[in-house]
Amino acid sequence: TDVTRGPNGPMGQGAPPAPGPRQPRDEKTQLFEVEVPRGVQPGQPFALLAGGVRVLVTCPTNASPGQRIRFKLPIALTQKPKGQSEAAQIKLKYDKDGWQRTIRVSDMKFQWVRVDDKGDIDLNKRFDVDKSAYVRKLEFRPGDDPRIRTGILSLVTASDAVVDSKIKSADNRDLVTYSDIANAQVKLFEEKAQWFQDTCAQLCVEWNEGHMRMNVRRQFLLGDSVDAVMSLSRKDLRKLWRFEFIGEMGIDAGGLAREWFQLVSEEIFDPDMGLWQSSAVNQMCMEINPASEFCCEDHLVYYRFLGRVMGKALFDRQLIAGHMVQHLYKHILGWPVTFGDLEMVDEEYYNNLKQLQTMAKDGEDISMLCLDFTTTQEVMGTKEEINLVKDGADIEVNNDNFPEYLEACLKYRMLDRVKPQLNELLLGFFDVIPEPLLTIFDFQELELLMCGLPEIDMEDWKEHTEYSGEYDDTGGDHQTVQWFWEIVTDFDHEMKARLLQFVTGTSGVPSRGFGVLQGNDGNIRKFTIHGVAIGVCLYPRAHTCFNRIDLPMYEEKEELREKLKLAITMVATGFDIE
Numbered sequence: 001t002d003v004t005r006g007p008n009g010p011m012g013q014g015a016p017p018a019p020g021p022r023q024p025r026d027e028k029t030q031l032f033e034v035e036v037p038r039g040v041q042p043g044q045p046f047a048l049l050a051g052g053v054r055v056l057v058t059c060p061t062n063a064s065p066g067q068r069i070r071f072k073l074p075i076a077l078t079q080k081p082k083g084q085s086e087a088a089q090i091k092l093k094y095d096k097d098g099w100q101r102t103i104r105v106s107d108m109k110f111q112w113v114r115v116d117d118k119g120d121i122d123l124n125k126r127f128d129v130d131k132s133a134y135v136r137k138l139e140f141r142p143g144d145d146p147r148i149r150t151g152i153l154s155l156v157t158a159s160d161a162v163v164d165s166k167i168k169s170a171d172n173r174d175l176v177t178y179s180d181i182a183n184a185q186v187k188l189f190e191e192k193a194q195w196f197q198d199t200c201a202q203l204c205v206e207w208n209e210g211h212m213r214m215n216v217r218r219q220f221l222l223g224d225s226v227d228a229v230m231s232l233s234r235k236d237l238r239k240l241w242r243f244e245f246i247g248e249m250g251i252d253a254g255g256l257a258r259e260w261f262q263l264v265s266e267e268i269f270d271p272d273m274g275l276w277q278s279s280a281v282n283q284m285c286m287e288i289n290p291a292s293e294f295c296c297e298d299h300l301v302y303y304r305f306l307g308r309v310m311g312k313a314l315f316d317r318q319l320i321a322g323h324m325v326q327h328l329y330k331h332i333l334g335w336p337v338t339f340g341d342l343e344m345v346d347e348e349y350y351n352n353l354k355q356l357q358t359m360a361k362d363g364e365d366i367s368m369l370c371l372d373f374t375t376t377q378e379v380m381g382t383k384e385e386i387n388l389v390k391d392g393a394d395i396e397v398n399n400d401n402f403p404e405y406l407e408a409c410l411k412y413r414m415l416d417r418v419k420p421q422l423n424e425l426l427l428g429f430f431d432v433i434p435e436p437l438l439t440i441f442d443f444q445e446l447e448l449l450m451c452g453l454p455e456i457d458m459e460d461w462k463e464h465t466e467y468s469g470e471y472d473d474t475g476g477d478h479q480t481v482q483w484f485w486e487i488v489t490d491f492d493h494e495m496k497a498r499l500l501q502f503v504t505g506t507s508g509v510p511s512r513g514f515g516v517l518q519g520n521d522g523n524i525r526k527f528t529i530h531g532v533a534i535g536v537c538l539y540p541r542a543h544t545c546f547n548r549i550d551l552p553m554y555e556e557k558e559e560l561r562e563k564l565k566l567a568i569t570m571v572a573t574g575f576d577i578e
């Protein structure tokens, strides 16, 4: 099949070998018998450990506390995987703000639950700054055009978000089961990526069943590419693509595809186009421009196009030339976003809300501030008042409804102000990638998978590092600092990239090196190692707005190595280790 925009031209030839079909599996199950915990009501879910795996069980309507019930799980699910990564072992012990992704026994779907210190599920629905979390929910709908699905995007309480744990092949066989995903989740990053690509190869349409030839003009690259990609069906997106730049010599053996993904993503992420803008918190990360409709005609088409390009890049082992803000990776993965994530979106706004929270906790009368359920947004130099809820301008904020006000602020900043754009981006992405496949990654790993591991010049990094606190006088000569650099030098590419994510908020390195690393204010803020006493913090602590790591003065190198690796690994799950 040809997808041509512009004059016709010669095509590259050659069909790569198609992967062989994966054999269907017959999963054996194991029977478990448990006692319904005290206080659990019929129809109410409760979490428990079955064979070392946390699962979610709904109390049958005819059961009561103290009564024993039975359920089955796949044997492969309860077996300990071999070759488990150190990062995975750590993640199994901790979780994000109490939120854990578990399996729902009733239908074997993934579901987020919040488990308290006693192991009980927190069923409180009212907003709590320290406990509440939300997950984006995308409901697919058939569109008027059979090639394009529509969908409705919303933020729901994390416990209400579920994801399938199975993937079907084109002939409706079980291609991937929960056991496959559970075993992949605890692998090393490189092994996860390989498993992901092997599975994508199984979903790829074989060459002899159809393939796409993408003919584009370099001088009209983005326009031709949008026309071509948006004319494709979802099945076409999983076919093999071959590229040609019309009027140029060259057969696509992979190099033209790499160039196309690079050039197209660079152009669409360019702030001058008006679809994306640099994050106010991290100048190296891009965020969706809420006012994109005033900057770019048919702006939503471009977001759907980019979603398809990002999904196809993952599907074909290609890279995207644009690092996004952290919470967008979470939205793609269907991970919980919490009040704390606001700090990485708008630090000033977050601090203002925290100050209001402190006032409310201290018993001050919030109504005296004359706030209502609105916020302001600047569009093309003009400030516009936005209702956070229906008729928000008519609702006064007081101490009784203050939690609902914070909840509305969070939902607006994390989703509602860019909902139309993000809706199209996600629809395009999931036109290519089955959502269950993403459950093996955390948001840091997804960034590395989409953008690639950065080339890091260790000498440039060291040369452009500043020292403060307890290391202000000795700088790089302090024993702990010397150990730090020795350990980091020994890190593999993945751990170095994760350290950058931990301290700066992204794995990206400025094209001109660490000497031009910027802070959240757009000014140069070099990588900084801040010395603190162990009594101040037991583990290294990051301040991404300032590209600073607080490094305790450990007395042994191995303790520093252990604590640093733990801190870097656990940032992806949001676990507070102090």
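Read in order, the letters of the sequence shown correspond to residues 1 to 578 in full-length UniProt numbering. Beta carbons: idealized from backbone N, C-alpha and C, even for Gly.
- Ala360 and Lys166 have their C-alpha atoms roughly 46 Å apart.
- For the beta strand (DSSP E) assignment, the uninterrupted runs of no fewer than 3 residues enclosed by the stretch 417-495 are, from N- to C-terminal side, 465-469.
- DSSP, reduced to helix, strand and coil, places Asp372 within a strand of the structure shown.
- Your pair Leu425 and Gly307 checks out as a contact, with CB atoms roughly 4 Å apart and the cut at 8 Å.
- When secondary structure is reduced to three states using DSSP, Phe46 falls in the strand class.
- Taking the CA atoms as reference points, Val226 sits about 10 Å from Phe220.
- The DSSP-derived three-state label of Leu31 is strand.
- Look at the stretch 291-345 and you find these whole runs of alpha helix (DSSP H), each 4 residues long or longer: 299-315, 326-333.
- Burial is judged here by how many other beta carbons sit within 10 angstroms of a residue's own beta carbon; Leu31 has fewer than 16 and is exposed.
- Sixteen is the threshold: when 16 or more other Cβ atoms of the shown chains lie within 10 Å of the Cβ of Lys565, as they do, the residue is buried.
- Counting along the chain, no beta strand (DSSP E) covers Val229; the unbroken alpha helix (DSSP H) around it starts and ends at 221-230.
- Taken in chain order, the whole beta strand (DSSP E) runs of length 3 or more contained in the stretch 163-225 are 174-176, 211-216.
- A straight-line Cα-Cα distance of about 20 Å links Arg173 and Phe315.
- Sequence-distant Cβ neighbours of Ala63 in its own chain, meaning closer than 8 Å and more than five residues away, are Val36, Pro42, Ile69.
- Ranked by how close their Cα comes to the Cα of Phe484, the residues Gly531, Asp128, Ala393 have Gly531 in first place.
- In the structure shown, the three-state DSSP call for Tyr539 is coil.
- For Leu155, the enclosing beta strand (DSSP E) starts and ends at 150-157.
- In the DSSP assignment, Gln100 is bridged to Val113.
- The three-state secondary structure of Ser132, taken from DSSP, is coil.
- A distance below 6 Å between beta-carbons, with the five flanking residues on each side excluded, links Asn351 to no residue of its chain.
- For Thr61, the secondary structure class from DSSP, reduced to helix, strand or coil, is coil.
- Taking the C-beta atoms as reference points, Ala161 is found no nearer than 9 Å to Val129.
- Under the DSSP assignment, Glu266 falls in the alpha helix (DSSP H) whose first and last residues are 255-269.
- Per DSSP, the beta-bridge partners of Leu56 are Ala47, Arg104.
- Counting along the chain, the unbroken alpha helix (DSSP H) around Glu558 starts and ends at 557-570.
- Excluding residues up to 5 positions away in sequence, Val418, Gln421 lie with their Cβ nearer than 6 Å to the Cβ of Ile288 in the same chain.
- Considering only Arg317, Tyr405, Ile152, Glu33, the residue with the shortest C-alpha distance to Asp198 is Arg317.
- Around Glu555, the same chain offers no residue with a beta carbon nearer than 8 Å, after the five sequence neighbours per side are excluded.
- Annotation for Arg126: Pro403 place their beta carbon closer than 7 Å to its own, counting only its chain and skipping 5 residues before and after.
- Considering only Trp260, Leu300, Gly255, Met284, the residue with the shortest C-alpha distance to Leu275 is Leu300.
- In this structure, the alpha-carbon of Glu190 lies about 23 Å from that of Thr504.
- Here Met286 really is in contact with Phe269; their C-beta atoms are around 5 Å apart, less than 8 Å.
- In the DSSP assignment, Leu240 falls within the unbroken beta strand (DSSP E) covering 240-245.
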